[in-house]
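**Q** For the sequence shown, the working numbering begins at 968 and goes up steadily by one.
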Amino acid sequence: MGFEKFGKEGYVSQTKITPMLSYLKKNQLPATVCQKCKRTWFPPRADCPNCKSNITEWTTIDGTCRLVTFTEVHFAPPQFQSDTPYFLGVAELKGGFRVFAPISGKISRDMLKPGRQMVLRPTTPTVDHTYYLLEEL
């Protein structure tokens, strides 16, 4: 017996950040602003990590960013094995936000360098999946 029977995959359909998907589907990057301490959070947070307030408002941010680092994935979990090899990156957006995201398959390995200007964009590759992706600026 291997680990394939260990744990379960599942998602809770009820969440306080459900509006995030509607922003992504409109090609916008959502963030939340705490109404108590005025800090902005990306990815969005239902509760402020700074002051613990649960009173937040939605806003959008610019996806222009700078690649900090990246890795090339050759061995992946079963759901992603058919995509290997692929790249994942850490990028810093305006405002100091850092994001860990897949890098577009249209960008070759020799084009990836720390400091490269990129853009974080929402993508909907299938009807059931929406996420963001690092792409060429």
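Beta carbons: idealized from backbone N, C-alpha and C, even for Gly. If you're wondering where the values come from, they're calculated on a predicted model, not measured in any experiment.
For Val1086 and Gly1030, which I take to be in contact (beta-carbon distance under 8 Å), what is that distance rounded to the nearest angstrom?
**A** For the purposes of this step, residue 1086 is taken as residue 119 along the sequence shown, with counting starting at 1. For the purposes of this step, residue 1030 is taken as residue 63 along the sequence shown, with counting starting at 1. About 5 Å separates the two Cβ atoms, so the contact holds.
**Q** Please report how far the alpha carbon of Tyr1098 lies from the alpha carbon of Phe1064, in whole angstroms.
**A** Within the sequence shown, residue 1098 is the residue found at index 131, counting from 1. Within the sequence shown, residue 1064 is the residue found at index 97, counting from 1. The alpha-carbon atoms of Tyr1098 and Phe1064 are separated by roughly 17 Å.
**Q** Starting from the C-beta of Thr1091, find all residues in its chain whose C-beta is less than 6 Å away, skip the five residues before and the five after it, and write them out in chain order.
**A** Here residue 1091 refers to the residue found at position 124 of the sequence shown. Correct list, in chain order: Thr1097.
**Q** On the three-pair Cβ rule with 8 Å, is the stretch 984 to 996 touching the stretch 1012 to 1028?
**A** Touching, per the Cβ criterion.
**Q** Say whether the stretch 1072 to 1084 touches the stretch 1043 to 1054, bearing in mind that this needs 3 or more beta-carbon pairs closer than 8 Å, one atom from each stretch.
**A** Flag = yes, the stretch 1072 to 1084 and the stretch 1043 to 1054 touch.
**Q** Quick check on this structure: which residue in Thr982, Arg1033, Pro1010 and Glu1039 has the alpha carbon closest to the alpha carbon of Gly1072?
**A** The residue labelled residue 1072 in the question sits at position 105 within the sequence shown. Among Thr982, Arg1033, Pro1010 and Glu1039, the Cα nearest to that of Gly1072 belongs to Glu1039.
**Q** Give me the Cα-Cα distance between Leu1104 and Cys1018, rounded to the nearest whole angstrom.
**A** As a first step, residue 1104 is located in the sequence shown; it is residue number 137 there, counting from the start. As a first step, residue 1018 is located in the sequence shown; it is residue number 51 there, counting from the start. Those two C-alpha atoms are separated by around 35 Å.
**Q** Helix, strand or coil for Leu991 per DSSP?
**A** Mapped onto the sequence shown, residue 991 falls at position 24. Helix.
**Q** With the cut-off set at 9 Å, would you say Thr985 and Gln1002 are in Cβ contact?
**A** The sequence position of residue 985 within the sequence shown is 18, counting from 1. The sequence position of residue 1002 within the sequence shown is 35, counting from 1. No, these two residues do not count as a Cβ contact at 9 Å.
**Q** For Lys983, which option in Asp1014, Asp1050 and Ser1049 has the closest C-alpha, if you only look at C-alpha atoms?
**A** Residue 983 sits at position 16 when you count from the first residue of the sequence shown. Nearest of Asp1014, Asp1050 and Ser1049 to Lys983, Cα basis: Asp1014.
**Q** If contacts are defined as beta-carbon pairs under 8 Å, then Leu1034 and Pro1069 qualify, I think. What distance do you get, rounded to the angstrom?
**A** Working through the sequence shown from its first residue, we reach residue 1034 at position 67. Working through the sequence shown from its first residue, we reach residue 1069 at position 102. Contact flag wrong, Cβ pair sits at about 13 Å.
**Q** Mapping the DSSP letters down to three states, classify Arg1088 as helix, strand or coil.
**A** Along the sequence shown, one-based indexing puts residue 1088 at 121. Correct three-state label for Arg1088: strand.
**Q** What's the call for Leu1032, buried or exposed, on a 16-neighbour Cβ count within 10 Å?
**A** Translated into the one-based positions of the sequence shown, residue 1032 becomes position 65. As written in the sequence, residue 1032 is Cys, which differs from the Leu given in the question. By the neighbour-count rule (16 or more Cβ atoms within 10 Å), Cys1032 is buried.
**Q** Can you tell me whether Thr999 is buried or exposed, with buried defined as 16 or more other CB within 10 angstroms of its CB?
**A** Within the sequence shown, the letter at position 32 stands for residue 999. With 16 or more other Cβ atoms within 10 Å, it is buried.
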